[in-house]
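In this text, residue positions in the sequence shown follow numbering that gives the first Met the number 0: the first is 0, and each later residue adds one.
Ideal Cβ positions, reconstructed from N, Cα and C, are used throughout, including at glycine.
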Amino acid sequence: MAIAEHGMMPTNVAGRCVTEGGLMVDLSDMRAIEVDPDASTTRAQGGALWSELNEAAAVHGLAVTGGAISSTGVGGYTLGGGLGWLMATQGLAADNLIGVELVTADGSVLDVNDESHPDLMWALRGGGGNFGVAASFTFRMHPLTMVVGGLIAHPVDAARDMLRFYRDAVADCPDELTVFAALVHAPDGSGLKVAGMIVFHTDPSRADAELAPFLEWGSPLVTHVGPMPYPVMNTLLDEGYPKGALNYWLSSFTTGLSDALIDTMIQRFETVPSPMSGMVLEHFHGAVTRIEPTATAVPHRDTGFNLLLPSEWMDPADTEKNITWTKDTYAAISEHLAAGRWLNYLGDDQADDAIRAAYGPNFDRLREVKPRYDPDNVFHLNHNIVP
Ligand SMILES: Cc1cc2nc3c(=O)[nH]c(=O)nc-3n(C[C@H](O)[C@H](O)[C@H](O)COP(=O)(O)OP(=O)(O)OC[C@H]3O[C@@H](n4cnc5c(N)ncnc54)[C@H](O)[C@@H]3O)c2cc1C
């Protein structure tokens, strides 16, 4: 069984929600969002998108960690952990999940929370779509209105120096500041390669001072950074992920950001076949790293970097060369990779050991919980935990 967040554009990278010979549950009409400002909670139906949740919560000056691209579905994203701009102040989306209305394989409707079903609630915080259809998700929310964020693009020739600067500059940054670095193409269609930093600060009163080192470094081609409502931050990169694009992503946590890894990234970026593809370093620090690896189903709690290769192209004729480049690049950087893999980014062709690497030390406990709610593995067209 597969579940789609909405009919037009399921956003699972590996296309997990589309199936042949199975049943596809389309939640596209289940998009209602209720915000309770007094309790600081938000309940979103299983087919809602992050753009919709962000906007509804912002009306009340509230927010919770959501996808860096606003078209991402609340459902799959949250069940897979959910990393985003607010993870250093609030933790992952899954860390803020306090309740799920879940339809299980036998048709039961469970009101799942820490008191009613502690084992299942633990598993839903990062165990993927293995346990049932989530009719709704309830999140603990946090006060947030304006943030400061945006993009700084340097010439690709500066990539080596910029990535070394980035590594050192984020080493002791406060929770309120999160910076991702990327080797990407300019979004104007010119195909120009750039080395960029995407900056985000949750406290406008401190942002000027704490962003200054990033803004003042080098000679950027473009600096597009300023105050904005939080939901806008989550739309800044949307254009890079258009409907209809073909995707093949690989990612892994790294063992650091050594000079050797930086050099290999730059070397591989020289041969990237698609002007839509790139490499992104996602910095984990702050609140997300202060949660015990076994406290939820998401074990990835070390300070450091997740390196994502989000390959994208439009023409099916280009599929083979793009997949080959992505796999070859992943192989080239493999000596710099740590054991952990981010579940939400796993491809469809990843072997069982990738799923184990994504669940890490929580795999065995997930295997104990799975048969209590889905003994026949009805929900198996996902990053499957075989009971
Ligand atoms: C452009 C883009 C940007 C992304 N950015 C991020 C990011 O910033 N951080 C991050 O962590 N991940 C990110 N991802 C990865 C994304 O979180 C996963 O691909 C996720 O599976 C998408 O969930 P969805 O609900 O949108 O997808 P869908 O394709 O609708 O669903 C994927 C699978 O999730 C499960 N699922 C979805 N909804 C439910 C539900 N209501 N009940 C039960 N199971 C359900 C099902 O197994 C389903 O097959 C991004 C992906 C894309 C394509």
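Nearest by alpha-carbon distance to residue i: which of the options is it?
i    : options                   : result
G125 : G74, I265 and G79         : G79
F304 : V231, P228, M278 and R205 : M278
N383 : R371, R355 and P360       : R355
N343 : H335, L336, A353 and E334 : A353
E367 : W121, H184 and W248       : W121
M86  : M140, L109, E334 and D37  : M140
D25  : V132, Y358, T302 and E334 : V132
L143 : F179, D94, E175 and Y240  : E175
Y358 : N321, G127, P203 and P272 : G127
F268 : Y329, N381, I290 and E291 : Y329
M264 : L306, V231 and P203       : L306
G149 : D160, L214, R166 and E100 : L214
D202 : M227, A157 and T270       : M227
H59  : T71, Y76, E319 and D37    : D37
G346 : R371, L365 and N381       : N381
A286 : E19, G45 and N95          : N95
V147 : S204, L123 and K320       : S204
D167 : S250, D258 and G21        : D258
Cβ of residue i within 8 angstroms of Cβ of residue j?
i    : j    : result
F138 : I97  : yes
V34  : A56  : yes
W216 : S310 : no
H223 : L210 : no
L256 : L280 : yes
V198 : I261 : no
H284 : T302 : yes
V297 : A43  : no
W341 : H282 : no
A337 : F252 : yes
G195 : A181 : yes
T40  : I32  : no
V169 : V155 : no
A244 : M313 : yes
G45  : M29  : yes
Within the same chain, show all residues whose beta-carbon is closer than 7 angstroms to that of residue i, passing over the 5 residues directly before and after it, in chain order.
i    : result
E238 : P186
P374 : P386
G190 : H184 and P274
I322 : Y247
V73  : A43, A47, L48, W49, L52 and F136
V102 : V108, G131, V132 and A134
T293 : P360 and N361
N112 : I97, G98 and M120
G225 : V147 and G149
State the DSSP-derived secondary structure class of residue i, mapped to helix, strand or coil.
i    : result
K192 : strand
A181 : strand
P309 : strand
P360 : helix
P142 : strand
T293 : coil
D373 : coil
I354 : helix
F378 : coil
I68  : coil
L82  : coil
F252 : strand
G285 : helix
S135 : strand
F304 : strand
G346 : coil
G74  : helix
G152 : First, the residue type needs correcting, since residue 152 is Ala and not Gly in the sequence shown. A152 falls in the strand class under three-state DSSP.
L336 : strand
V17  : coil
V279 : strand
V147 : strand
L22  : coil
H5   : Because H5 carries a pLDDT of 39, less than 50, the predicted location of this residue cannot be relied on, and the following value inherits that uncertainty. If DSSP states are grouped into helix, strand and coil, H5 belongs with coil.
Excluding five sequence neighbours on each side, which residues of the same chain lie with their C-beta closer than 8 angstroms to the C-beta of residue i?
i    : result
N233 : W49, S50, N53, G65, G66, A67, I68, S69, G83 and W84
G6   : The pLDDT assigned to G6 is 36, lower than 50, so where the model puts this residue is not dependable; a value taken from the coordinates is nonetheless given after this. D25 and S27.
So, at 6 angstroms on beta carbons, what are the nonlocal neighbours of residue i in its own chain, with the 5 sequence-adjacent residues on each side left out?
i    : result
C172 : none
M8   : The pLDDT assigned to M8 is 48, lower than 50, so where the model puts this residue is not dependable, and the model offers no usable value.
A104 : D373 and V377
T288 : R300 and T302
H153 : M161, A194, G217 and P219
Spell out whether any CB of chain B is found under 8 angstroms from the CB atom of residue i.
i   : result
A67 : The structure shown has no chain B; it contains just one protein chain.
Practice prompt. Starting from the N-terminal side, write out each stretch of the alpha helix (DSSP H) that is 4 residues or longer and does not extend beyond the region 25–66.
Written response: 49–57
Item to complete: Return the chain-ordered ranges of every beta strand (DSSP E) run that is complete within the region 86–127 and spans a minimum of 3 residues.
Response: 96–102 and 108–111
Worksheet item: Quick one: complete alpha helix (DSSP H) runs, 4+ long, within the region 192–250?
Response: 203–215 and 229–232
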